[in-house]
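> For what it's worth, the numbering used here labels the leading residue of the sequence shown as 178, then goes sequentially.
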Amino acid sequence: MPKRPVHWFEGMFLKPHHFQAADRYTRERIRESEDWLHPHDWGLRSVRFDEDAIANYTLRLTSCQARFKDGTTLSIPEEAALDPLELRPVLSQQAETMVYLAIPSWQPSRANAQRAATEQSPRYLVGGMECPDENTGGDEEEIDFRNIQARLIVKSQLTPGYEILPLAQISRSAGDKAPPRVDRAYVPPVLGVDAWASLYDDVQALFRQIEAWLDQEAAQVVGRKIAFDSQVLGDAERILKLSVLNTASAVWQSILFTRGLHPMLMYQELCRLLGQLSIFGETRRPIKIPSYDHDDIGPIYAKVIAEIRRLLGELGQVPFDKRYFKLEGPRFQVHLDPDWTLETSKLYLGVETTELNDSECDMLMRSTDWKLGSGEQVETIFKTGNAGLSMKPLNRIPPALPGGVVYFEIVRHPEFWKDVVRTGTLGLRFKLERGKFLSAQMLALTNPTTQRSVNLQFAVFVVKNR
């Protein structure tokens with residue numbers, strides 16, 4: 178149907194058609210403008226599944242925000258109630274299935290709304306709701322509203338007449354009794370990198386790898402006093418590598434943790450970094466980079482991230498992993514990767530500050546009442562006065578760790594360590610008579626010697642036997 182504005186004039190005989198046409202014209206113009214300004218403007222803004230239900234062969238959508246290609250936006254459960262989808266019938270016949278969020282398409286010459294639900298329900302189901310006069314807060318009247326008829330369907334149920342969005346690829350596990358699972362490798366169209374957990378985790382993991390490499394390399398450049406005019410073979414290349422990754426780090430810090438970062442923008446930054454790193458590879462040229470594909474994000478991200486990791490490996494293996502403690506309730510907490518708690522890994526607590534030298538920072542920490550344990554146990558350890566996990570100050574920094582940090586080796590006391598392994602967390606709890614939290618990662622403590630406030634950050638450093 179052509180997009181034309183309604184001609185309004187005094188004395189015209191109004192019909193519902195006039196308001197419908199005016200509303201349709203406005204919606205189409207908005208959709209058209211959004212499509213022109215943001216070409217990849219469909220997908221999921223957020224999504225959450227009931228994991229327990231999936232384990233029982235039922236897909237239940239707990240919440241979802243989505244925009245379809247026709248411009249329709251939908252929030253679940255606020256705007257639609259979805260029936261759960263039974264997975265057992267389809268997974269008994271095939272190893273995996275794609276699940277879609279579907280809504281009936283708008284039809285110009287057929288019914289688009291009705292009051293009673295039927296098997297072939299149109300786009301909208303009409304229902305009344307009592308609404309007050311917003312000026313007075315009273316005088317309620319029943320107003321009819323349109324409720325969009327959304328549903329979950331699998332690939333075999335796709336038929337013409339629906340607007341669809343892929344939600345997830347559900348795979349049948351290999352074991353006879355193993356439950357089905359959401360395929361981590363598949364990424365549906367999303368409107369923000371943070372909308373799909375596995376995609377966000379992969380990008381953040383790469384960012385942490387870059388940060389760890391930078392910490393190591395910057396410490397060596399500073400420690401060896403490497404200058405731009407150095408005549409030592411290899412120093413110029415080392416500074417150039419540091420410059421490339423410093424640029425990426427600064428840009429990524431400014432965008433990666435923002436809400437709703439579009440995957441195309443993040444993909445551009447990944448490709449930019451790949452191109453800059455390629456000069457250090459064996460061919461001095463980047464690989465053939467796939468074009469951005471909004472409907473198939475997973476493979477293109479996987480290919481570019483894998484190539485960046487390969488090039489980073491050629492720059493030099495980062496000998497340690499690092500992750501900052503962040504505020505959760507009254508404690509600092511950090512989540513540990515499963516291999517960090519193995520016997521082959523050594524864990525260190527690092528205290529970072531630019532306001533104290535190593536000995537002053539060590540003295541400040543010795544004079545502070547603090548406890549270390551698992552994220553779940555540390556509060557109990559603190560309140561009961563138990564020792565918790567002990568920390569051994571280091572007289573000499575291991576070669577694998579960067580300088581400028583005060584380190585404590587974490588001693589694995591069996592009584593408390595087993596809960597760290599179980600929960601995959603470490604927690605720090607402070608007595609805050611002389612301090613306060615400034616942000617999610619920053620603690621300010623008063624130095625008892627100088628009575629000055631000192632800003633501190635805490636991180637766990639992991640050195641593995643490679």
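Backbone N, C-alpha and C define an ideal beta-carbon position, used for all residues, glycine too.
The structure displayed is predicted, hence computed values, not measured ones.
Whole angstroms are fine: how far does the CA of aspartate 218 sit from the CA of aspartate 212?
On the sequence shown, residue 212 is found 35 positions in, with the first residue counted as 1. On the sequence shown, residue 218 is found 41 positions in, with the first residue counted as 1. When rounded, the distance between both Cα atoms is 6 Å.
> Report the residue ranges of all beta strand (DSSP E) runs contained in full by the segment 179-267; include only those spanning at least 3 residues, in chain order.
DSSP runs (the beta strand (DSSP E)) wholly in the segment 179-267: 220-226, 238-244, 250-253.
> Beta strand (DSSP E) containing serine 630: first to last residue?
For the purposes of this step, residue 630 is identified with residue 453 of the sequence shown, where counting begins at 1. Serine 630 -> beta strand (DSSP E) spans 630-641.
> What does the alpha-carbon distance come out to for the pair asparagine 289 and glutamine 634?
On the sequence shown, residue 289 is found 112 positions in, with the first residue counted as 1. On the sequence shown, residue 634 is found 457 positions in, with the first residue counted as 1. Taking the straight line joining both Cα atoms gives about 58 Å.
> I want to know whether the segment 466-484 touches the segment 515-533 - three or more CB-CB distances under 8 Å.
Because the criterion of three Cβ pairs below 8 Å is not met, the segment 466-484 and the segment 515-533 do not touch.
> I think alanine 243 touches leucine 251, with their Cβ atoms under 8 Å apart; what is that distance to the nearest whole Å?
Counting from one through the sequence shown, the residue named residue 243 turns up at place 66. Counting from one through the sequence shown, the residue named residue 251 turns up at place 74. The Cβ separation is near 5 Å, so the contact holds.
> Within 10 angstroms of the Cβ of leucine 335, are there 16 or more other Cβ atoms? Answer buried if so, exposed if not.
For this step, residue 335 is matched to residue 158 along the sequence shown. So leucine 335 counts as exposed.
> Considering alanine 355, what are the terminal residues of the alpha helix (DSSP H) in which it resides?
Against the sequence shown, residue 355 aligns to sequence position 178. Premise fails: alanine 355 is in no alpha helix (DSSP H) and is neither H nor E.
> Excluding five sequence neighbours on each side, which residues of the same chain lie with their C-beta closer than 6 Å to the C-beta of asparagine 642?
Residue numbering aside, residue 642 sits at position 465 when the sequence shown is read from its first letter. Result list for asparagine 642: Thr521, in chain order.
> In the DSSP assignment, find the beta strand (DSSP E) that holds proline 440 and state where it starts and stops.
The residue given as residue 440 occupies position 263 in the sequence shown. Careful: proline 440 lies outside any beta strand (DSSP E), inside the alpha helix (DSSP H) at 440-454.
> Roughly how many whole angstroms lie between the Cα atoms of threonine 239 and aspartate 360?
One-based indexing of the sequence shown puts residue 239 at position 62. One-based indexing of the sequence shown puts residue 360 at position 183. Each residue's Cα considered, the two are about 18 Å apart.
> Buried or exposed for leucine 214, going by 16 or more other Cβ atoms inside 10 Å?
What you label residue 214 is simply residue 37 of the sequence shown in a count that begins at 1. Exposed, because fewer than 16 other Cβ atoms sit within 10 Å of the Cβ of leucine 214.
> Measure the alpha-carbon distance for alanine 199 versus tryptophan 283 and round it to whole angstroms.
For this step, residue 199 is matched to residue 22 along the sequence shown. For this step, residue 283 is matched to residue 106 along the sequence shown. If I take the Cα positions, the gap works out to 16 Å.
> Rounded to whole angstroms, what's the CA-CA distance from aspartate 647 to threonine 600? Just pull it up for me.
In this structure the chain extends from 178 to 643, so residue 647 is not present and cannot be described.
> Report all residues from its chain with a CB closer than 8 Å to the CB of leucine 329; omit the five preceding and five following residues, and keep chain order.
Counting from one through the sequence shown, the residue named residue 329 turns up at place 152. Counting only Cβ-Cβ distances below 8 Å, and skipping sequence neighbours, we find Leu236, Leu238, Leu259, Asp260, Pro261, Leu262, Val276, Tyr277, Leu278, Ala279, Leu344.
> Which residue marks the beginning of the alpha helix (DSSP H) containing glutamate 537, and which one marks its end?
By one-based count along the sequence shown, residue 537 stands at place 360. Residues 535-543.
> Where does arginine 361 fall in DSSP's three states?
Mapped onto the sequence shown, residue 361 falls at position 184. Arginine 361: coil per DSSP, three-state reduction.
> How about tyrosine 584 and glycine 527: are their beta carbons less than 8 Å apart?
Numbered from its first residue, the sequence shown carries residue 584 at position 407. Numbered from its first residue, the sequence shown carries residue 527 at position 350. Yes, the pair counts as a contact, with Cβ atoms nearer than the cut-off.
> Name the two residues that bound the continuous beta strand (DSSP E) containing tryptophan 547.
The residue given as residue 547 occupies position 370 in the sequence shown. Start and end: 547-550.
> Taking a contact to mean a Cβ-Cβ separation below 8 Å, would you say proline 357 touches leucine 342 in this structure?
On the sequence shown, residue 357 is found 180 positions in, with the first residue counted as 1. On the sequence shown, residue 342 is found 165 positions in, with the first residue counted as 1. Contact flag unset, no.
> Smallest Cα separation from leucine 447: which of Ile464, Gln393, Gly338?
By one-based count along the sequence shown, residue 447 stands at place 270. Here the closest residue by C-alpha is Ile464.
> Could you check if leucine 417 is buried or exposed, using at least 16 other CB atoms within 10 Å of its CB as the buried criterion?
The count along the sequence shown starts at 1 and reaches residue 417 at position 240. Exposed, by the Cβ-count rule.
> Which of the three DSSP states, helix, strand or coil, is assigned to threonine 460?
Along the sequence shown, one-based indexing puts residue 460 at 283. In the structure shown, threonine 460 sits in coil (DSSP, three-state: anything other than H, G, I, E or B).
> Taking 8 Å as the cut-off, decide whether the C-beta atoms of methionine 568 and leucine 549 are in contact.
In the sequence shown, counting from the first residue as 1, residue 568 sits at position 391. In the sequence shown, counting from the first residue as 1, residue 549 sits at position 372. Contact: yes.
> From asparagine 324 to proline 309, what does the alpha carbon distance come to, in whole angstroms?
By 1-based counting over the sequence shown, the position of residue 324 is 147. By 1-based counting over the sequence shown, the position of residue 309 is 132. Roughly 19 Å between the two C-alpha positions.
> What would DSSP say about tyrosine 478, mapped onto helix, strand or coil?
Taking the first residue of the sequence shown as position 1, residue 478 is located at position 301. Here tyrosine 478 sits in helix by DSSP.
> Let me know if isoleucine 320 comes out buried or exposed under the rule of 16 or more other beta-carbons within 10 Å of its beta-carbon.
Within the sequence shown, numbered from 1, the residue matching residue 320 stands at position 143. Isoleucine 320 comes out exposed.
> Exposed or buried, what is alanine 425 when buried is set at 16 or more other beta-carbons lying within 10 Å of its beta-carbon?
The residue you call residue 425 lines up with position 248 of the sequence shown. Label assigned to alanine 425: buried.
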